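Notes to accompany the following structure.
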Amino acid sequence: MKQFGFRIADSDSRIDPPSAPPAGDTIDLSRLLSAARRQRKVVFVSMGVALCLGLVYLATTPKTYVTGATVLLAGQMSRNLDQVGSLETNAVSDNALESAQQVIRSQAVALSVVQMLNLDQNESFLSPPSSLLAQVMGSVRMAIRAPIQLLTPAAPETEAGPPPTEEEIQARRQELVAQALQQRVQVQRVGRSSVFGIGYSSHDPALAAAIANAYSEAYVADLLNANYEATERTTEWLQQRLEELQTASREAAVAAEVFRAENGLVSSRGALITEENVAQLNGDLADAVTETARAGALMRTYEAILARGAEAFLDNSGTGFTLQGNERLIEMQDQLSALNARLERIERDFGEDHPQAVRLREQVTELSNQLFSELRRLLEEARGAFDVAQAQVTALRDSLGLAVDVNSEAGQKQVQLKALEQRADTLTTLHQTFLTRFQEIDQQKTFPISNVRILSPADVPRDAAGPGTSRVLALMLVLGALAGSGIGVLREWRDRFLRTTEDVQIDTGQRFLGYLPTFESATSAPQVTRQSRTAALKLTAPVPGMPVIRQPIYALQNLRSHYAETLRNIRFASEVSLAGKSQIVIGVTSIRPAEGKSSVALNLAGVIAASGHSVLLIDTDPRNPGLSRRLGLSRGVGLVEAALGKSDWTKALRVISDTGVHVLPCITPGSMTHSSELLGSKGMRQLMAAARARYSHIILDLAPLGPVVDARVALPLVDQVIMVAEWGKTPKALLRETLMNETVLQEKMLGVVLNKVDMEALREYVPVSSGEQYYEEYGDYISSRT
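Counting in our numbering, the sequence shown runs from 1027 upward without gaps.
Shown next, in the form of structure tokens:
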């Protein structure tokens, strides 16, 4: 019985209150699919409308033809300027490419194209056919601008000038056409190359090709003109600079010659005599210093050798000393090395006491002493040479000082003269360089070279590029699906009404008692026999003396239906929750009027009576006694008279034929304003006490909770309350807030039943795995249709 929302505990005689499912972080895909199924009609309708709009757009939009030309930008941009600066490059920088794109899109190039093709007089360009969508958008813009223009204050009038001439009007017209052309032309770089594509789209294929080709030609011509103008400006600047350099060079040369003559700075070899003396003394001094250093180094070498004594020659056999430049010493050193080697061999072979070893040892000692004596003699010679070199250095330094003093004044003047001569040479060289560049640029001026060439001209397109039928229809379908999805999401977000078990349990926190289908849906369920479909169920014999109401009760007419099965489950839930209680008072109410509570109360009373219980059905809505009107009771005494003590309540009872349900109607001649006082009166309480003693089940058809307070006043009289909510009409928030504000109502609430349910539409609001999806199978089982 999942579809009725019950959970029976094994260890408790009462029904457990439903617990909300734990909140999760995952998305319930089944709910999303259910929402998609519910809104699929909206999505399909949106897609159909979008598809129709796409067909209208295709039928009313003129065809568009696209074509384009490609141009190549070579290296050496602004070639003449690069030649002037002596900087050459073969690569085109990104800045240059971006600048080239801006030049192609410039007004100057567009104006050239306009003049080349006379576009200001071309009606095909000035008045192209427009689509229905463009016309509609234009009308909308005009409708929006009209009130804005009316509200905008008019500009102050200015003094009118002279009327424009025909040439000015023509120029202004061409400028406007050029601006429109700039907005339509398409310039794109091809990949990472230096190639640009110049494209244009138009309804006229020939016009599109002509404009694309004219753009490429105008760009090449504009670049040639720019190079020529740059060359002209460069030539003028170079010519002016050459004249200035020639004059400055001539003046610098004259100034140098005058200074030389005035200061006598002329010699036969082109230099001053004092300068030659200083140079000679500097050279001699450098040689003397070098000789002094060499003599000192040799002297220190000899001193280091002699400091070790003659024994050093015997220990090291004379090795390790460098005596290059003295053949005698080298010869003696070689002899000493040979004797030492021979001595070591004999000592190794025959021992140190061998006579030949003794003799060789004496020879080595003698030769070492001779070598030592020769070195002392050479040391004395080196000291003498060192002293002589030092004296020579001192003398040369003194002579150089005297020469420098004599040449100091002439040297200062010579420095000034050299500065003047260098300035004259620099100006002469710069003048010659500029003259060479000037001649080269002047020769190239009549032969301008462009670094742009047209790779491929634009051809007249044969096939239209747009609008593409498949692309437009696919786009409209996608847009329609998106719009339908958006509308569906909005509808789902605004759907705040009770529809499913989860809505009742989670959003209101109450038990769910089940679904009560609409009567039309319920009657479609097949019955066992023809008699069960047509004849009413006869339960009891008529009560003698009690007026009979011949009103068929739907649940009893269709015992094997979902409607009757839900009411039986409500009865079962009531008995379980009040186990052991013999007299039960059940109040049936709703939040809003016209939700079907009276019908539910009547059918519930019939179902309970059919199970063998004594049932009293009381209409406790004096303000609007819908149950009494439904039963056709408009005259006689009823609840009001019985509660006020004017009549015995048992005299006001009626019985519904063939059901055994006793009815206490509420018949009011007019609008009753003090109904709440009546329901809370002592007489009403006494009436209910007497009814409890006589009937096992008393069902009160209470007033709606929302508009009046009558139902709240009658709550102390009941044991349980059944809340009837109309499927898809009762707001969740309204029911939740009402229950939150009524503590007594919460305590006595048996649960919520959804009435007037469209069982076919219900399947769209529940997950695929829920029991509501198997409604047809349940119906077959309930009706014994297998």
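Note that beta-carbon positions come from the ideal geometry of N, C-alpha and C, so glycine has one too. Fair warning: this is a prediction, and the values are worked out from it, not measured in the lab.
Rounded separation between residue i and residue j - CA only
i: Thr-1345; j: Arg-1320; result: Confidence in Thr-1345 is poor, its pLDDT being 43 and thus under 50, which makes the residue's placement too unreliable to answer from.
i: Tyr-1091; j: Asn-1121; result: 32 Å
i: Glu-1752; j: Ser-1624; result: 12 Å
i: Gly-1571; j: Ala-1581; result: 27 Å
i: Gly-1686; j: Glu-1703; result: 31 Å
i: Cys-1846; j: Ser-1165; result: Given that the chain is displayed from residue 1027 to residue 1812, the structure contains no residue 1846 and the question cannot be resolved.
i: Arg-1387; j: Arg-1371; result: 12 Å
i: Met-1142; j: Val-1280; result: 59 Å
i: Asn-1584; j: Leu-1630; result: 13 Å
i: Val-1071; j: Gly-1510; result: 8 Å
i: Ala-1256; j: Met-1502; result: 54 Å
i: Asp-1815; j: Leu-1705; result: Only positions 1027 to 1812 of the chain appear in the structure, and residue 1815 is not among them; the question remains open.
i: Glu-1262; j: Leu-1249; result: 20 Å
i: Gln-1306; j: Ser-1425; result: 11 Å
i: Thr-1273; j: Arg-1449; result: 13 Å
i: Ala-1567; j: Thr-1694; result: Any answer about Ala-1567 is weak, because its pLDDT of 46 lies below 50 and its placement is not dependable; what the coordinates show is given next. So the alpha carbons of these two residues sit roughly 30 Å apart.
i: Thr-1178; j: Leu-1233; result: 40 Å
i: Arg-1586; j: Thr-1592; result: 11 Å
7 Å Cβ shell around residue i - same chain, five flanking residues per side excluded
i: Leu-1713; result: Ala-1668, Ala-1669, Trp-1675
i: Ala-1759; result: Arg-1522
i: Leu-1393; result: Met-1358, Gln-1361, Leu-1362, Leu-1365
i: Asp-1146; result: Val-1140, Arg-1199, Gln-1200, Val-1203
i: Glu-1373; result: Ala-1383
Beta-carbon gap between residue i and residue j smaller than 9 Å
i: Gly-1540; j: Val-1750; result: no
i: Val-1486; j: Pro-1231; result: yes
i: Leu-1642; j: Ala-1729; result: no
i: Val-1734; j: Arg-1656; result: no
i: Leu-1659; j: Asp-1727; result: no
i: Thr-1756; j: Leu-1524; result: yes
i: Ile-1644; j: Gln-1065; result: no
i: Ser-1275; j: Thr-1454; result: yes
i: Ile-1725; j: Ala-1627; result: yes
Other residues of its chain near residue i: CB distance less than 6 Å, five sequence neighbours each side excluded
i: Ala-1095; result: Ile-1224, Ala-1238, Asn-1239, Ser-1242, Pro-1483, Ala-1484
i: Glu-1378; result: none
i: Ala-1323; result: none
i: Met-1710; result: Ala-1669
i: Phe-1412; result: Ala-1321, Gly-1322, Met-1325
Nearest candidate by alpha-carbon position, reference residue i, set the options
i: Arg-1497; options: Gly-1080, Ser-1072, Leu-1055; result: Gly-1080
i: Arg-1661; options: Arg-1680, Ser-1707, Gly-1671, Thr-1646; result: Arg-1680
i: Val-1140; options: Leu-1393, Gln-1200, Ile-1170; result: Gln-1200
i: Ala-1491; options: Ala-1635, His-1229, Gln-1361, Thr-1086; result: His-1229
i: Gln-1577; options: Ala-1450, Ala-1715, His-1688; result: His-1688
i: Arg-1594; options: Ile-1610, Asp-1424, Ile-1634, Leu-1123; result: Ile-1634
i: Cys-1692; options: Asp-1684, Arg-1167, Ser-1673; result: Ser-1673
i: Ile-1612; options: Ile-1748, Gln-1536, Leu-1159, Ser-1511; result: Ile-1748
i: Gly-1506; options: Val-1069, Pro-1742, Glu-1518, Ala-1599; result: Val-1069
i: Phe-1151; options: Ala-1100, Ala-1206, Leu-1159; result: Ala-1206
i: Gly-1690; options: Met-1766, Asp-1647, Gly-1309; result: Correcting the residue identity first, residue 1690 is Leu in this sequence and not Gly. Measuring from the Cα of Leu-1690, the nearest candidate turns out to be Asp-1647.
i: Ala-1620; options: Ala-1256, Ser-1603, His-1639, Pro-1651; result: Pro-1651
i: Glu-1353; options: Glu-1124, Pro-1381, Thr-1316, Leu-1404; result: Leu-1404
i: Gln-1816; options: Gln-1265, Asp-1413, Ala-1287, Ala-1236; result: Given a span of 1027 to 1812 for the chain in the structure shown, any question on residue 1816 remains unanswerable.
i: Pro-1493; options: Ala-1126, Leu-1123, Leu-1159, Gln-1128; result: Leu-1159
i: Leu-1268; options: Leu-1604, Thr-1462, Ala-1627; result: Thr-1462
i: Ala-1282; options: Gln-1133, Gln-1272, Met-1168, Lys-1444; result: Lys-1444
i: Ala-1100; options: Glu-1447, Ser-1138, His-1700, Asn-1477; result: Asn-1477
Sequence-distant residues of the same chain with beta carbon closer than 8 Å to residue i, five excluded per side
i: Leu-1731; result: Thr-1615, Ser-1616, Ile-1617, Ala-1737, Arg-1738, Thr-1764, Glu-1768, Leu-1771
i: Val-1216; result: Thr-1096, Phe-1222, Gly-1223
i: Tyr-1589; result: Leu-1542, Pro-1543, Phe-1545, Ala-1548, Tyr-1580, Ala-1581, Asn-1629
i: Arg-1597; result: Leu-1630, Val-1633, Ile-1634, Ser-1637
i: Val-1783; result: Tyr-1541, Leu-1542, Pro-1543, Thr-1544, Ser-1547, Trp-1753
i: Val-1135; result: Val-1129, Tyr-1241, Ala-1244, Tyr-1245, Asp-1248
i: Arg-1131; result: Gln-1208, Val-1211, Val-1213
- request: Entirely within the region 1580 to 1622 and at least 4 residues each: give me those alpha helix (DSSP H) ranges in chain order.
  value: If only complete runs of 4 or more residues are kept, the region 1580 to 1622 shows the alpha helix (DSSP H) at 1580 to 1583, 1588 to 1603, in order along the chain.
- Query: What runs of the alpha helix (DSSP H), each 4 residues or longer, lie entirely inside the region 1107 to 1181?
  - Reply: 1120 to 1130, 1133 to 1143, 1149 to 1152, 1158 to 1177
- prompt: Can you give, in chain order, each stretch of the alpha helix (DSSP H) that sits fully within the region 1718 to 1760 and has at least 4 residues?
  reply: 1736 to 1739
Notebook entry, point to check: Where are the beta strand (DSSP E) runs, 3 residues long or more, that stay fully inside the region 1196 to 1233, in chain order?
Noted result: 1212 to 1215, 1221 to 1228
- Runs of alpha helix (DSSP H) lying entirely within the region 1681 to 1716, each at least 4 residues, in chain order: 1701 to 1705
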